[in-house]
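Residue numbering for the first sequence follows the working numbering, beginning at 3 and increasing consecutively.
Cβ atoms here follow ideal geometry from the backbone N, Cα and C, with glycine treated the same way.
These notes are about the structure you will find just below.
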Amino acid sequence: MPELPEVETVVKGLRPLIKDRRVTAVEIREKNMIAYPENNIDEFKESLIGSKIEAINRRGKYIIIELNNEKNMVIHLRMTGKLLVKEVEEFRDKHTHVIFSLNDGQEIRFNNIRKFGRVYLIDKNHPEQAGGLSDLGPEPLSEDLTLTDFKKLFKNRRALMKSLLLNQHFVAGIGNIYADEILFLSGVRPDRTADTLTEDEKEKIYHNMRHILKKGIIYGGTSFSDYVNAFGEKGSFQEELKVHQREGEECYSCGTKINKIKVSGRSTYFCPKCQK
DNA sequence: GGCTTTGTTTTATA
DNA sequence: GTATAAAACAAAGC
């Protein structure tokens with residue numbers, strides 16, 4: 003599932019392929035994919051067609067494509083979304099729901115097996131038009147987020163640690179896979195409440211969060227089933243996971259069998275011996 | 001055809 | 001107002 007490292011990998015792949023290209027046509031096969039402007043497909047198309055793509059960036063799990071007009075196109079992949087750049091003549095599979103034609107004979111395809119992904123075409127100065135984009139927590143990999151800043155985020159927090167890491171208001175971009183891995187590396191049980199963490203444990207979470215997200219990017223993200231980058235290639239971080247999706251297998255550190263529980267309704271994996 | 005899946009949004013509650 | 005948990009929702013695949 004696309005989390006920060008996967009979205010970052012998509013953005014990095016997309017950037018050289020589509021920057022400075024112009025959009026020549028937009029085909030919307032599944033209207034529900036367009037979340038903003040609501041019920042106004044014509045306005046969506048009109049703002050896009052003829053515009054030039056100036057920049058491609060990421061904020062949390064959102065992809066932000068800046069156009070040379072007053073609009074940004076914002077895309078969220080949710081569970082099974084893919085953004086692929088293909089030549090026009092290449093085979094389009096049945097889950098291709100929105101197609102952006104470019105002036106170089108290629109097209110950007112928004113592909114969604116489960117149709118959970120969303121596209122927003124918003125005013126540059128109105129991020130709130132793109133769902134939760136406007137009130138995300140800090141970027142976990144930002145140079146600006148120091149250990150001191152991170153510790154301050156714990157003020158008044160008492161949620162379960164797994165829930166807190168998944169909360170996009172706390173920090174932006176962490177999902178189910180990386181939350182489990184960060185907590186394992188930090189030796190903290192996912193069902194510990196945030197107000198019981200020691201200063202040392204907060205520091206471990208800070209460093210492991212940054213370490214594991216960077217490592218995920220280096221490996222091109224985690225591909226269990228659907229995730230691929232802009233070229234359609236899988237990542238390899240699934241081979242590096244220490245606890246996620248390893249129920250019943252032996253912990254690499256102590257040999258204890260990895261447990262699977264539900265936290266906040268999400269599948270959660272941890273080592274009952276290594277994590278306190 | 002019920003269950004599972006995740007990320008986000010909504011609703012209820014302390 | 002703020003934080004949180006629970007529920008709802010999206011829809012396909014098995």
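Exercise. With burial defined as no fewer than 16 other Cβ atoms inside 10 Å of the residue's Cβ, what is the status of Cys273: buried or exposed?
Worked result: buried
Exercise. Which of the three DSSP states, helix, strand or coil, is assigned to Glu203?
Worked result: helix
For this session: Measure the beta-carbon distance from Val245 to Phe172 and round it to whole angstroms, keeping in mind my assumption that it falls under 8 Å.
Result: Actually they do not touch by this definition, with Cβ atoms about 21 Å apart.
Exercise. Roughly how many angstroms lie between the CA atoms of Leu86 and Lys117, to the nearest whole one?
Worked result: 15 Å
Problem set entry | Buried versus exposed call for Cys256 [16 or more other C-beta atoms within 10 Å across all chains shown] | exposed
Exercise. Should Glu205 and Leu167 be called a contact, given that it needs their Cβ atoms to be closer than 9 Å?
Worked result: no
Problem set entry | Proximity of Pro142 and Ala174 at Cβ, strictly below 9 Å | yes
Exercise. Count the other CB atoms within 10 Å of the CB of Val100; is the residue buried (16 or more) or exposed (fewer)?
Worked result: buried
Problem set entry | Sufficient close CB pairs (3 or more, under 8 Å) joining the segment 217-228 to the segment 237-251 | yes
Problem set entry | Residue interval of the alpha helix (DSSP H) (run including Phe46) | 43-50
Exercise. Going straight from the alpha carbon of Glu203 to that of Ser188, what length do you get?
Worked result: 7 Å
For this session: Note down the Cα distance separating Lys278 from Ile55, rounded to an integer number of angstroms.
Result: 48 Å
For this session: Go ahead and label Glu48 buried or exposed: buried means 16 or more other beta carbons lie within 10 angstroms of its beta carbon, across all protein chains shown.
Result: exposed
Problem set entry | Pairwise C-alpha distance: Gly250 and Phe233 | 34 Å
For this session: Could you pull the start and end residues of the beta strand (DSSP E) that Val87 belongs to?
Result: 83-89
Problem set entry | Residue from Arg61, Arg31, Thr198, Lys84 whose Cα sits closest to the Cα of Asn282 | As shown, the chain starts at 3 and ends at 278. That puts residue 282 outside it, with no answer to give.
For this session: Answer with buried or exposed for Val271, where buried requires no fewer than 16 other C-beta atoms within 10 angstroms of its C-beta.
Result: Residue identity differs from the one stated: residue 271 is Tyr in this sequence, not Val. Buried, because 16 or more other Cβ atoms sit within 10 Å of the Cβ of Tyr271.
Exercise. Can Lys84 be considered in contact with the ligand NAD, in the sense that its beta carbon sits closer than 8 Å to one or more heavy atoms?
Worked result: The ligand NAD is absent from the structure shown, which contains no ligand whatsoever.
For this session: Report all residues from its chain with a CB closer than 7 Å to the CB of Ile30; omit the five preceding and five following residues, and keep chain order.
Result: Ile36, Ile43, Val100
Exercise. Shortest alpha-carbon distance to Glu109 belongs to which of Ala27, Pro140, Met163?
Worked result: Ala27
For this session: Can you tell me which of Asn105, Lys164, Arg24, Gly119 puts its alpha carbon nearest to the alpha carbon of Lys76?
Result: Just to set this straight, residue 76 is Val in the shown sequence, not Lys. Here the closest residue by C-alpha is Gly119.
Exercise. What's the C-alpha gap between Cys276 and Glu201?
Worked result: 18 Å
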